[in-house]
Structures are given as structure tokens and as C-alpha cells.
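**Q**
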Amino acid sequence: MKFARTFTALRMAVAASVVLGIIAGSAHAQEKKPVRVGFSIAQTGPLSGAGKSGLLALQIWRDDVNGRGGLLGRPVELIVYDDQSNAATVPGIYSKLLDVDKVDLLIGPYSSNLTAPVMPMVKQRNLLLIGNFALDANARLRHDKYFSSLPSASADQWAAPFFDLAKQLQGKAVALLAADAEFAQTLAGGARNEAKKRGMQLVYDQTYPPATVDFSSMLRALRVKQPDAIFVAGYPSDSAAIVRAVKEIGVGDSVKLFGGGMVGLQNAPVMQSLGSTLNGVVNYHTWVPEKSLEFPGVSSFLARYQARAKDANVDALGYYLPPFNYAIGQMLEQAVTATKSLDHKLLAKYLHDNAINTIVGTVRFNEMGEWSQSRMIYIQFRALADKNLDQFRGPGKQVVVAPAAHKTGDIVPFAAARK
Amino acid sequence: MSLELLVEAVVSGILLGGFYAAVSLGLSVAFGLLDVPHIAHPTLLVVGAYATYALAQLGIDPIAAGFMLMPAFFVIGVGLYRFYHALFERRGGDIALRGLAFFFGIAFIIEVVLILVFGVDQRLVEAAYIGSSVQLAGLQMPSRMLIAFALAGLLTLLLSTYLSRTFTGRAIKAVAQDQTALALMGADPVRIKQSAFGIATATCAIAGALLIIVGPVEPGMGRLYIGGTFCVAVLAGLGSMKGTLLAGLILGITESLVLTSLGTSWAPAVSFGLLLVVLAIRPSGLFGR
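Protein sequence lines, in the order shown, are assigned to chains A and B. Those letters in the first sequence? Residues 285 to 703, by our numbering. Those letters in the second sequence? Residues 26 to 314, by our numbering.
#1: Going by DSSP in three states, M95 of chain B sits in which element: helix, strand or coil?
#2: Show which residues of chain B have a CB atom less than 8 Å away from the CB atom of Q599 of chain A.
#3: For E532 of chain A, go through chain B and note every residue whose CB falls closer than 7 Å to its CB, in chain order.
#4: Determine the chain B residues that contact N551 of chain A at a beta-carbon separation under 7 Å, and present them in chain order.
#5: Using a beta-carbon distance below 8 Å, is D498 of chain A in contact with chain B?
#6: Which word fits L304 of chain A, buried or exposed, when buried means at least 16 other C-beta atoms lie within 10 angstroms of its C-beta?
#7: Could you name each continuous beta strand (DSSP E) segment of 3 residues or more that falls completely within the region 398-455 of chain A, going from the start of the chain to the end?
#8: When DSSP builds the beta bridges, which residues end up paired with S324 of chain A?
#9: Out of curiosity, what's the CA-to-CA distance linking D383 of chain A and Q343 of chain A?
#10: For A311 of chain A, which residues of its own chain have a beta-carbon under 7 Å away from its beta-carbon, when the five flanking residues on both sides are left out?
#11: What whole-angstrom Cβ distance do D60 of chain B and P553 of chain A have, given they're in contact under 8 Å?
#12: Check for me: the alpha helix (DSSP H) holding N567 of chain A runs from which residue to which?
#13: Comparing alpha-carbon positions, which option in A:K480, A:Y519, A:L486 lies nearest Y492 of chain A?
#14: Determine the closest residue to V72 of chain B out of B:I101, B:V257, B:A261, B:I217, with distance taken between C-alpha atoms.
#15: Among A:F447, A:P318, A:G536, which has the Cα closest to the Cα of D388 of chain A?
#16: Applying the criterion that 16 or more other CB atoms from any shown protein chain within 10 Å of the CB defines a buried residue, is K540 of chain A buried or exposed?
#17: In angstroms with no decimal places, state the Cα-to-Cα distance between L83 of chain B and A667 of chain A.
#18: Would you mind reading off the limits of the beta strand (DSSP E) that contains T646 of chain A?
#19: Run through chain A and tell me which residues come within less than 8 Å of F44 of chain B, C-beta to C-beta.
#20: With a 10 Å radius around its C-beta and 16 neighbouring C-beta atoms as the bar for buried, classify E33 of chain B as buried or exposed.
#21: Quick check on R482 of chain A - is its C-beta less than 8 Å from some C-beta in chain B?
#22: G474 of chain A CB to nearest chain B CB: under 8 Å?
#23: Opposite I238 of chain B in the DSSP bridges: which residues?
#24: Kindly indicate which three-state DSSP category Y662 of chain A falls into: helix, strand or coil?
#25: Closer than 8 Å by beta-carbon distance: list the chain A residues that pair up with G253 of chain B, in chain order.
#26: Within 8 Å of any Cβ in chain B, is that where the Cβ of T328 of chain A sits?
#27: Just checking: is the beta-carbon of E114 of chain B within a distance shorter than 8 Å of some beta-carbon in chain A?
#28: Would you report the Cα separation of V508 of chain A and E361 of chain A, rounded to the nearest angstrom?
#29: Out of B:P214, B:V283, B:W291, state which residue places its alpha-carbon closest to the alpha-carbon of L31 of chain B.
#30: Between the Cα of K232 of chain A and those of A:V647, A:K703, A:P697, A:R702, spot the shortest distance and give me the residue it belongs to.
#31: Assign P167 of chain B to buried or exposed, taking buried as 16 or more other Cβ atoms, counted over all protein chains shown, within 10 Å of its Cβ.
#32: Please say whether L413 of chain A and G392 of chain A have beta carbons closer to each other than 8 Å?
#33: Between the alpha carbons of F129 of chain B and Q368 of chain A, how many angstroms are there, rounded?
#34: Under 8 Å, Cβ to Cβ, is there at least one residue of chain A near A175 of chain B?
#35: To test your reading of the DSSP string, which unbroken beta strand (DSSP E) runs of 3 or more residues are found completely within the region 146-219 of chain B?
#36: Within this structure, are the beta carbons of L70 of chain B and G233 of chain B separated by less than 8 Å?
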């Protein structure tokens with residue numbers, strides 16, 4: 285009898301310890317459950333060049349933050365899907381991230397075109413979203429939990445420094461050439477506004493189709509109008525073809541400023557191949573190795589990025605998108621660490637109210653979630669040689685000519701800079 | 026538009042048309058003569074461009090690289106056709122639709138392989154004739170476009186001569202007209218078609234070299250050329266090499282004139298509108314029978 289009671293007590297103790305063990309184990313597992321950060325980013329298709337380098341940057345941030353103990357003591361896990369550079373895939377991917385993967389934090393897809401379909405969803409569900417280089421993505425919905433990683437609040441702000449330079453060079457007549465696609469058209473709209481604000485005359489304003497092979501006909505038509513400045517809003521293949529056509533055909537003696545919003549002239553293979561053909565071109569950029577842009581941590585990040593870039597088969601320099609994608613991670617990290625929470629409302633309030641320290645400088649957001657101080661830079665390619673990628677690693681080859689706060693050299697008229 | 030600008034636009038259009046013809050000649054053989062819905066043709070052009078890029082990294086001139094790659098591309102074409110024949114053509118049924126799906130799949134796989142091997146960045150090659158121009162009767166013309174035009178002419182001449190003067194060439198034309206009759210004459214239509222498909226693919230090597238000479242390439246670029254190459258092949262009259270050159274020139278000149286005068290965004294609409302007009306008047310194309 286005594287034995288039976290002892291056995292029963294023992295059984296209960298074992299059962300209790302098992303139950304407690306399960307509970308404790310569960311609590312322990314709960315503690316170690318990763319913080320899931322979800323996003324789509326182009327790994328195939330026309331945006332994949334930037335998309336792959338951006339993903340590598342976010343993976344470096346993940347490794348860094350996990351090395352520091354993670355977020356709220358939990359490891360960070362990236363849940364990533366390839367959107368194939370196709371906006372049609374984006375709503376499905378973000379529904380899956382939210383409803384199936386149940387991610388804790390969201391980053392937007394790379395580029396304006398792909399961010400647009402996500403905005404209604406995050407607004408409807410009242411979620412925090414850090415946009416990944418999306419231009420004017422929150423202009424219509426005005427979502428109070430959207431924050432941008434792009435260092436320019438609008439197309440007008442993006443284009444403004446170029447037209448300040450044109451004014452500085454006594455430019456009065458402007459030519460505008462833009463690809464027939466969302467981003468290029470938005471930027472061209474900003475360029476038109478900025479030209480108008482400064483009383484400049486648009487003597488040529490054309491949109492070209494995406495599959496254009498030869499730009500010599502357009503350059504000839506444009507040359508006849510004798511513009512003082514030419515603003516181009518194009519995509520990587522077009523940008524390289526236009527720069528080559530300018531060398532072959534010329535743009536005429538009237539042109540003092542050429543460049544603007546050419547995507548692709550920030551990519552290492554294109555820069556290396558075009559070499560001296562780029563001399564004199566003034567184009568937008570986000571970061572270059574110039575003294576005025578040496579923010580804390582950026583050199584160390586780029587050293588680590590460049591060490592992994594070759595194996596990952598991505599842009600060898602990584603100046604354009606990667607530092608800003610790393611900064612997205614830092615924005616989330618600083619907000620989560622400071623609020624000790626994953627609550628989107630608290631995180632959004634923190635991001636609105638505080639300065640965020642990143643490797644691309646200290647960022648403050650305005651009520652629209654855009655950078656309160658635009659920091660899109662314009663660089664002029666100078667004294668470049670051919671077939672030399674290493675020349676882009678140091679200062680003096682991509683001189684910052686605008687805005688004044690980050691300027692490292694004065695603008696040189698196009699013809700003089702090409703000599 | 027001034028007369029000078031008009032002349033420049035026409036000459037630019039002729040050079041551009043030569044390039045369009047060069048990238049469409051292979052499709053004129055595969056789709057025009059063999060009736061194979063070769064939607065992967067533009068992707069094979071991109072493969073030719075990347076192979077040229079790889080050889081150019083070894084110091085080989087891009088045009089020489091294009092010619093050097095032709096035998097390898099012939100073999101690839103033969104293999105691709107045998108695969109297509111064994112899986113689809115031989116089984117009959119709705120070949121066109123299934124063939125379309127097959128070649129779309131091939132194009133997609135090739136694109137992914139290119140991304141894995143070369144990465145996703147744009148690739149360019151360098152040569153003395155890239156980025157330079159030539160003065161011709163007071164007109165400044167890009168050397169790379171002159172080369173594209175010259176090579177298109179040469180390819181058209183070689184293909185036309187081969188198809189009309191050699192036994193295999195005539196057999197290829199015969200298989201396009203009546204496969205059963207050719208079989209009754211003792212020739213193997215499948216072997217003839219695989220040779221023709223090999224030739225069509227071999228042209229992708231040289232046309233791919235032109236693609237990377239004319240501008241930068243990236244793995245997904247083939248998609249941009251699907252409409253253009255099929256437009257040239259259909260406008261030409263299926264299977265006509267001279268027609269392909271002429272159709273390329275017509276499209277090139279039209280596009281150049283529109284880009285110079287009407288407005289750049291009208292260029293594709295005018296080009297495809299022209300195709301509709303020609304097909305309405307001559308449903309078999311310019312040189313079709």
C-alpha cells in the first residue's frame with residue numbers, strides 16, 4: 285500500500301516535472317524565437333543588379349546584429365523572396381510574408397515601381413514599412429508608418445541640384461530625355477518643375493521606349509535645339525548607350541551640363557567599361573568615396589561588402605544601394621532597441637521623433653516618412669582612364685559638385701571636363 | 026526637319042536596320058523555314074553576347090569571338106532541335122502551343138544560368154570601333170553601327186547563297202515547302218531540319234557579338250528583342266533572307282525617322298503599325314509566297 289502511494293507520488297512528480305519541463309522548454313524556445321524581417325528583393329530581371337547587392341548588404345547587417353546578440357535578445361532572421369523585378373508578384377509575396385511567414389518587421393521591395401503595390405496593404409493593416417529606394421511612394425496614401433531609405437523626398441528635390449548647377453553655368457535652354465517607365469517619368473516630372481522654377485526653357489522634351497538600341501537619331505534631333513543643359517532619366521542599358529552615343533555623335537558646343545538621372549552609371553562593370561567616356565558627365569549618386577561623405581562605419585561596411593561581393597557575383601564597389609540597405613537594418617535596430625518592442629506603432633513613433641544614426645549619416649524623417657533633409661548628391665566624373673576599376677575606389681574621380689553641404693569641387697563645363 | 030537632319034536620320038536608320046536584320050536572320054530560318062516557334066532565339070542572342078564577352082576578357086576581338094563561337098553554337102542548335110523533335114514534333118498534336126511553352130521554358134532556364142554564371146550586372150566589351158565614329162560624306166556615323174550593318178549584309182549574302190546554291194540549302198528550302206515530298210525523294214527531313222536549326226543558332230553567335238558591340242547586355246535582355254525579331258521575320262515573309270534584310274532596313278529607317286521627327290515614344294507603335302499595314306496588303310509578308 286505504502287509502495288503504491290509512493291509510486292503514485294513518484295509518477296505525479298515525474299508527470300509534473302515533464303509538464304514543467306515542457307513549459308520551461310517552450311518559454312526558452314519562445315525566448316530564442318527569431319525576429320523575422322521579411323521583404324522581397326529582385327534577384328532576377330532588370331532590377332536584380334541592384335537587388336542582389338542590396339540583399340548582400342542586409343545579410344551583412346543581419347550577421348552584425350546577430351553578432352551583437354540580436355534584437356531583444358532574439359536572433360534576426362531574414363525572410364526573403366525574389367520578386368523577379370515584377371510588380372505583379374509583390375502583393376502575393378507580401379501577403380505570404382504577413383499571413384504565412386508571420387514576419388515581425390517589413391522592408392519594402394527595391395524600387396518605386398514595386399513598392400507601389402505594397403503601400404495599400406501596409407496602410408490597410410496599419411503596419412510599419414521601411415521603403416527600399418522608392419521615390420515618392422507615400423505621396424498619395426500618406427501612411428504614418430512609412431519610412432524611406434532613399435535620400436531624397438521627391439522627384440523635385442532629386443532633380444533640383446542639377447538645375448542649380450545649370451543656373452550656375454548660365455544655362456537657359458534645357459533638353460530632357462527620359463525612358464518610358466515609372467521612375468524615369470517621375471524624375472522627368474521633377475526635372476520639368478525645377479527647370480520651370482528657374483525660368484529655364486525646355487527646348488527638347490522626349491520619352492523613349494525601353495528597347496531603344498541606337499540613340500544617335502535622338503542626339504542629332506536634340507543637338508539642333510542647342511540646349512545649354514541636357515537632363516537624362518534613363519535605366520542602365522540606356523544610360524550606357526547614351527553616354528557612348530554622346531562620344532560618337534557629340535551633343536554640340538552649346539552644352540555646358542550633361543547628365544542628370546542616369547541609373548547604371550553607379551554600377552562597377554558599367555563604370556569600368558565606359559572609363560574615360562564618362563569624363564565630364566554630371567550624374568546623381570547616393571555615396572562616393574569623397575571626404576564629405578565619410579560617415580562613421582561606412583568604410584568598414586564597404587570593406588566587408590567588397591570582400592564578399594566577388595563570391596556573391598554582385599557589384600564590386602557597392603556604393604549606390606548597399607550602404608543604404610545596411611542603413612535600413614540600422615533604422616529597425618535602433619528603433620527596436622530603444623523601444624524594447626516590436627510594436628509597429630511604438631517603432632513608427634520612435635522613428636518620427638528621433639534622429640537615426642546610420643552608416644549613411646544621421647537621418648531624420650518628416651511627417652511623410654521621407655528624409656527631412658534631402659541628400660541626393662551630384663557627382664562629376666573627372667580624369668578617368670580606361671579599363672581601371674580601382675580608380676573609382678579613391679577620391680577625385682567622382683567629385684561631388686552639389687549640393688553645397690557635401691561639395692568637394694566646383695562644376696566644370698562639359699566640354700572642358702572632357703578634354 | 027531640315028534636309029541634313031533627314032539624311033542623317035535615314036542613314037542612321039539604314040545602319041540600325043542592318044542590326045535588326047542581323048539579330049533576326051536566325052529566326053527567319055528557324056521560324057520562317059522550319060515553322061519552329063523559337064521564342065528562345067533572342068535569349069540565344071544574349072548567350073552569344075555573353076560568350077563573346079567571356080572571350081573578349083581573354084583579349085580576343087569581339088567580332089573574331091563571334092565567328093569563333095559559330096561552330097559551338099551550331100552544335101548547340103542541333104542538340105536543341107533533336108531535343109525539341111524527340112519531345113514535341115515527333116509526337117504531333119498541338120505542336121505550336123507546346124513548342125512555344127518549351128522554348129519559353131528554355132529561354133527562362135538560360136536566363137537563370139546566365140545570372141548564376143555572370144551575375145546580374147550589365148556587361149560591355151571594348152574595342153577600337155566601339156565609342157568611335159566615322160565621317161561619311163559629311164555625316165558622323167558610329168563605327169559600331171557600321172560594323173553591324175556590314176555584318177548583317179555579309180550574313181544575308183552567305184545564308185542566301187547557301188540556301189540557293191548548295192544541296193543542303195535547297196533541301197532546307199524543300200523541307201519548308203513539303204516535308205513528305207522531301208522524304209519520298211530519299212532525304213531525311215529531321216536531319217535537314219536539325220542542320221537548319223544548327224545554322225539558325227550559329228547566326229546567334231555573330232548576332233550576339235553584335236548585340237554586345239552595339240550596347241551593354243544583361244541576362245534578361247532577350248525579352249526586349251522578342252517583339253522586334255519576330256516583327257522582322259514576319260514582315261520579311263517567312264524564310265526569306267533578303268526579305269529579312271529589307272524588313273530590318275524598313276523598320277530601322279522608320280524608327281529613326283520617327284525618333285528624329287514625330288517623337289521618340291511613337292517609335293514602337295509606328296514600327297508595329299507598319300507591320301500590320303504590310304500584312305493587311307500582303308498577308309505572306311514582303312517576300313513570302
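Positions of the beta carbon are idealized from the N, C-alpha and C atoms, including for glycine.
**A** Answer, in terms of the structure:
#1: The count along the second sequence starts at 1 and reaches residue 95 of chain B at position 70. The answer is helix: DSSP assigns M95 of chain B an H, G or I state.
#2: By one-based count along the first sequence, residue 599 of chain A stands at place 315. The sequence shown places Asp at residue 599 of chain A, not Gln. Against chain B, a Cβ distance below 8 Å from D599 of chain A picks out D146.
#3: By 1-based counting over the first sequence, the position of residue 532 of chain A is 248. Residues of chain B passing the Cβ test: G156, S157, S158, P167.
#4: Within the first sequence, numbered from 1, the residue matching residue 551 of chain A stands at position 267. Going along chain B in sequence order, the residues near N551 of chain A (Cβ under 7 Å) are D146, Q147.
#5: Locating residue 498 of chain A in the first sequence gives position 214, where the first residue counts as 1. Taking 8 Å as the CB threshold, D498 of chain A lines the interface with chain B.
#6: Along the first sequence, one-based indexing puts residue 304 of chain A at 20. Confidence is the limiting factor: at L304 of chain A the pLDDT is only 44, short of 50, which leaves the residue's position unreliable, though a coordinate-based value still follows. L304 of chain A should be labelled exposed.
#7: 413-416, 430-432
#8: Here residue 324 of chain A refers to the residue found at position 40 when the first sequence is read from its first residue. A:Y365, per the DSSP bridge assignment.
#9: The residue labelled residue 383 of chain A in the question sits at position 99 within the first sequence. The residue labelled residue 343 of chain A in the question sits at position 59 within the first sequence. Cα-Cα distance, rounded: 23 Å.
#10: By one-based count along the first sequence, residue 311 of chain A stands at place 27. Residue confidence for A311 of chain A is low, a pLDDT of 45 falling below 50, so the modelled location carries little weight; the figure read from the coordinates is stated next. No residues qualify anywhere along the chain.
#11: Working through the second sequence from its first residue, we reach residue 60 of chain B at position 35. Working through the first sequence from its first residue, we reach residue 553 of chain A at position 269. Incorrect: roughly 39 Å between the Cβ atoms, too far for contact.
#12: One-based indexing of the first sequence puts residue 567 of chain A at position 283. First-last for N567 of chain A: 566-569, but that is the beta strand (DSSP E), not the alpha helix (DSSP H).
#13: The residue labelled residue 492 of chain A in the question sits at position 208 within the first sequence. It is A:Y519 whose Cα lies nearest to the Cα of Y492 of chain A.
#14: Here the question's residue 72 of chain B lines up with position 47 in the second sequence. It is B:I101.
#15: As a working mapping, residue 388 of chain A is identified with position 104 in the first sequence. Of the candidates A:F447, A:P318, A:G536, the residue whose Cα lies closest to the Cα of D388 of chain A is A:P318.
#16: In the first sequence, residue 540 of chain A corresponds to position 256, counting from 1. Buried, because 16 or more other Cβ atoms sit within 10 Å of the Cβ of K540 of chain A.
#17: Position 58 of the second sequence holds residue 83 of chain B. Position 383 of the first sequence holds residue 667 of chain A. If I take the Cα positions, the gap works out to 27 Å.
#18: Residue numbering aside, residue 646 of chain A sits at position 362 when the first sequence is read from its first letter. 645-647 is the extent of the beta strand (DSSP E) around T646 of chain A.
#19: On the second sequence, position 19 is the one that residue 44 of chain B refers to. Here the neighbours are V497, D498.
#20: As a working mapping, residue 33 of chain B is identified with position 8 in the second sequence. Burial call: buried.
#21: Residue 482 of chain A sits at position 198 when you count from the first residue of the first sequence. By the rule that beta-carbons nearer than 8 Å mark a contact, R482 of chain A does not touch chain B.
#22: Indexing the first sequence from 1 puts residue 474 of chain A at position 190. No, its Cβ sits nowhere closer than 8 Å to a Cβ of chain B.
#23: Residue 238 of chain B sits at position 213 when you count from the first residue of the second sequence. Looking at the DSSP output, I238 of chain B sits in no beta bridge, so it has no partner there.
#24: Start at 1 with the first residue of the first sequence, and residue 662 of chain A comes out as number 378. Strand, per DSSP.
#25: As a first step, residue 253 of chain B must be located in the second sequence, where it is residue number 228. A495, listed in chain order.
#26: Position 44 of the first sequence holds residue 328 of chain A. Yes, its Cβ sits closer than 8 Å to a Cβ of chain B.
#27: For the purposes of this step, residue 114 of chain B is taken as residue 89 along the second sequence, with counting starting at 1. It does not: the Cβ of E114 of chain B has no partner Cβ on chain A nearer than 8 Å.
#28: Translated into positions along the first sequence, residue 508 of chain A becomes position 224. Translated into positions along the first sequence, residue 361 of chain A becomes position 77. Their backbone Cα atoms lie some 56 Å apart in a straight line.
#29: The sequence position of residue 31 of chain B within the second sequence is 6, counting from 1. Cα-wise, what sits closest to L31 of chain B is B:V283.
#30: Only positions 285 to 703 of chain A appear in the structure, and residue 232 of chain A is not among them; the question remains open.
#31: Here residue 167 of chain B refers to the residue found at position 142 of the second sequence. Counting Cβ neighbours within 10 Å, P167 of chain B comes out buried, since at least 16 surround it.
#32: Counting from 1 along the first sequence, the entry for residue 392 of chain A is found at position 108. Counting from 1 along the first sequence, the entry for residue 413 of chain A is found at position 129. Taking 8 Å as the Cβ cut-off, G392 of chain A and L413 of chain A qualify as a contacting pair.
#33: The residue you call residue 129 of chain B lines up with position 104 of the second sequence. The residue you call residue 368 of chain A lines up with position 84 of the first sequence. Distance between the alpha carbons of F129 of chain B and Q368 of chain A: 16 Å.
#34: Counting from 1 along the second sequence, the entry for residue 175 of chain B is found at position 150. Chain A contact via Cβ: absent.
#35: 158-161, 164-167
#36: Working through the second sequence from its first residue, we reach residue 70 of chain B at position 45. Working through the second sequence from its first residue, we reach residue 233 of chain B at position 208. In this structure, G233 of chain B lies closer than 8 Å to L70 of chain B by Cβ.
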